[in-house]
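Chemist: In this note's numbering, the protein residues as written are 76 to 391.
Starting off with a structure, shown below.
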Amino acid sequence: MTTAKKILVTGGAGFLGSHLCERLLGDGHAVWCMDDFSTGLEKNIAHFQALPGFRLLRHDVTQPLDVEVDEIYNLACPASPVHYQADPLRTLRTSVIGAMNLLELARKCGAFILQASTSEVYGDPSVHPQPESYWGNVNPIGVRACYDEGKRCAETLFFDYRRQHGVRTKVVRLFNTYGPRMRPDDGRVVSNFIVQALSGADLTVYGAGAQTRSFCYVDDLVEALVRTMATPDEVAGPINLGNPDEFTILELAQKVLAQTGSSARISHHTLPGDDPRQRQPDIALARQLLGGWEPRIDLDAGLRKTIAYFRAEGTG
Ligand code: NAD
Ligand code: UDP
Numbered sequence: 076m077t078t079a080k081k082i083l084v085t086g087g088a089g090f091l092g093s094h095l096c097e098r099l100l101g102d103g104h105a106v107w108c109m110d111d112f113s114t115g116l117e118k119n120i121a122h123f124q125a126l127p128g129f130r131l132l133r134h135d136v137t138q139p140l141d142v143e144v145d146e147i148y149n150l151a152c153p154a155s156p157v158h159y160q161a162d163p164l165r166t167l168r169t170s171v172i173g174a175m176n177l178l179e180l181a182r183k184c185g186a187f188i189l190q191a192s193t194s195e196v197y198g199d200p201s202v203h204p205q206p207e208s209y210w211g212n213v214n215p216i217g218v219r220a221c222y223d224e225g226k227r228c229a230e231t232l233f234f235d236y237r238r239q240h241g242v243r244t245k246v247v248r249l250f251n252t253y254g255p256r257m258r259p260d261d262g263r264v265v266s267n268f269i270v271q272a273l274s275g276a277d278l279t280v281y282g283a284g285a286q287t288r289s290f291c292y293v294d295d296l297v298e299a300l301v302r303t304m305a306t307p308d309e310v311a312g313p314i315n316l317g318n319p320d321e322f323t324i325l326e327l328a329q330k331v332l333a334q335t336g337s338s339a340r341i342s343h344h345t346l347p348g349d350d351p352r353q354r355q356p357d358i359a360l361a362r363q364l365l366g367g368w369e370p371r372i373d374l375d376a377g378l379r380k381t382i383a384y385f386r387a388e389g390t391g
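This is the structure:
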């Protein structure tokens, strides 16, 4: 039996955050979901909002916050390239000032704090697959830098608060994760392709589609987040979390077409700036530290669940 804790989830009304809140509530914890609803949605939290353990805080993470909690998961940040590039200065403020505010909060109440970092810290990687020891290849002045460098700076803050103030920090680097509750207009590849296939619109493959990603289903990722928080104090990370099965974007498009039975076509579009050419997590460390954790839902199974969600939502 787990001891009930008070847990703050920032970005809790977003795609990943809402699944995490739901899981933590199911485990019997009191959950404070903090969100400014910039990309998060009310409907993501609607079905558990009335539970007694749930509290919603409409708050921008760039403003200081004063609550007493045992654990903090920091997920507040736009994650889709379309969203994080729409207001790059806001993205930087959210990552950097948001991290500082929450680290101060963790310092004050002695809470454990976990940072949702990203595979983007590896940029366009020259080491493949990417182990945590790889320092990355990020363009610091490109269009993705507001996100990549913001997240890199947040990692620095987490390690400096640990060294300088003894804050109980944990950093995880999430690789592309997908599933129900992604916004239909999110702009990321899995939701774009599913929405396009269901509506009969062309699937918009950027470039030739030879670039690769490794896609993790949301339930596997949430399990890994919870297990990371439960690791002993000295486990600071960074830990890669994701599914190492790697696919080209063209393969993904073909899978979505096959599973939806759509007669939509594939059309090719300009590749966005600094788009990483390959990405696959080395998850040896996660396997070792997270008590036998392993991604269990492969891409075919995860796509089935995600397509069923978008169909039920009437998307397309
Ligand atoms: P999302 O856009 O669905 O969720 C982000 C949430 O943060 C939204 O609810 C949004 O409203 C909220 N938010 C943004 N700025 C805020 C602010 N200033 N104050 C308060 N709330 C704010 O994206 P997601 O995929 O659920 O990503 C969640 C986290 O995981 C992000 O930090 C992201 O960088 C990280 N991540 C996600 C992936 C992935 O593939 N899904 C991969 C790597 C890292
Ligand atoms: N992509 C694509 N078509 C789309 C959206 C994305 O071909 O409609 C490509 C994008 O160029 C990238 C990959 O799919 O190579 C993953 O993009 P996404 O925005 O989902 O996440 P990223 O890993 O780039 O942050």
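We put the beta carbon where it would ideally sit given N, CA and C, even for glycine.
Beta carbon of Met304: closer than 8 Å to some heavy atom of the ligand NAD?
Modeler: No.
Chemist: Rounded to the nearest angstrom, what separates Asp350 and Ala125 at their Cα positions?
Modeler: Each residue's Cα considered, the two are about 41 Å apart.
Chemist: Is DSSP giving Pro206 helix, strand or coil here?
Modeler: It is coil, neither helix nor strand.
Chemist: Excluding the 5 residues flanking Glu369 on each side, which residues of the same chain have their C-beta closer than 7 Å to its C-beta?
Modeler: Result list for Glu369: Arg362, in chain order.
Chemist: Could you tell me whether the Cβ atoms of Gly128 and Met109 are closer together than 9 Å?
Modeler: No, the Cβ-Cβ distance between Gly128 and Met109 is not below 9 Å.
Chemist: Whole angstroms are fine: how far does the CA of Thr306 sit from the CA of Glu143?
Modeler: Going by the C-alpha atoms only, they are around 21 Å apart.
Chemist: Put Gly211 into one of helix, strand or coil per three-state DSSP.
Modeler: Correct three-state label for Gly211: coil.
Chemist: Give a yes or no on whether the C-beta atoms belonging to Glu195 and Lys226 are separated by under 9 Å.
Modeler: Yes, these two residues count as a Cβ contact at 9 Å.
Chemist: How would you call Gln286, buried or exposed, if buried means at least 16 neighbouring beta carbons within 10 angstroms?
Modeler: Under this definition Gln286 is a buried residue.
Chemist: Out of curiosity, what's the CA-to-CA distance linking Asn251 and Tyr292?
Modeler: Using only the alpha carbons, I get a separation of about 9 Å.
Chemist: Just checking my contact of Ala328 with Ile341 at CB under 8 Å: how many whole Å lie between their CB atoms?
Modeler: Correct: roughly 5 Å between the Cβ atoms.
Chemist: Quick check: does the Cβ of Glu226 come within less than 8 Å of any heavy atom belonging to the ligand NAD?
Modeler: Contrary to the premise, residue 226 reads as Lys rather than Glu in this sequence. Answer for Lys226: yes, Cβ within range of the ligand NAD.
Chemist: When DSSP labels each residue in this structure, what does Met257 get in the three-state scheme?
Modeler: Met257: coil per DSSP, three-state reduction.
Chemist: Is the segment 186-200 touching the segment 237-244 in the sense that three or more CB pairs, one from each, lie closer than 8 Å?
Modeler: They touch, by the three-pair rule.
Chemist: If Asn119 and Ser93 are in contact, beta carbons under 8 Å, what's the gap, nearest whole angstrom?
Modeler: 4 Å between Cβ atoms; contact.
Chemist: Please state whether DSSP places Ser194 in a helix, a strand or coil.
Modeler: Residue state, collapsed to three classes: helix.
Chemist: On the DSSP letters alone, give me the boundaries of the alpha helix (DSSP H) that Glu326 sits inside.
Modeler: Residues 324-335.
Chemist: Under the criterion of a Cβ to heavy atom distance below 8 Å, does Met109 qualify as lining the ligand NAD?
Modeler: Under cutoff, so the answer is yes.
Chemist: From the DSSP output, read off the bridge partner residues of Phe187.
Modeler: In the DSSP output, where bridge partners are listed per residue, Phe187 has Glu146, Arg243.
Chemist: Check for me: the beta strand (DSSP E) holding His344 runs from which residue to which?
Modeler: Where His344 is concerned, the enclosing beta strand (DSSP E) stretches over 341-344.
Chemist: Which residue comes first and which comes last in the alpha helix (DSSP H) that contains Gly299?
Modeler: It is Ala, not Gly, that sits at residue 299 in the sequence shown. Element bounds for Ala299: 293-304.
Chemist: For Gly312, verify whether its CB is less than 8 Å away from any heavy atom of the ligand NAD.
Modeler: The answer is no for Gly312.
Chemist: Indicate whether Glu230 and Ser274 have their beta-carbon atoms separated by less than 9 Å.
Modeler: Result no, Cβ atoms of Glu230 and Ser274 do not sit closer than 9 Å.
Chemist: Let me know if Thr345 comes out buried or exposed under the rule of 16 or more other beta-carbons within 10 Å of its beta-carbon.
Modeler: Thr345 is exposed by the Cβ-count criterion.
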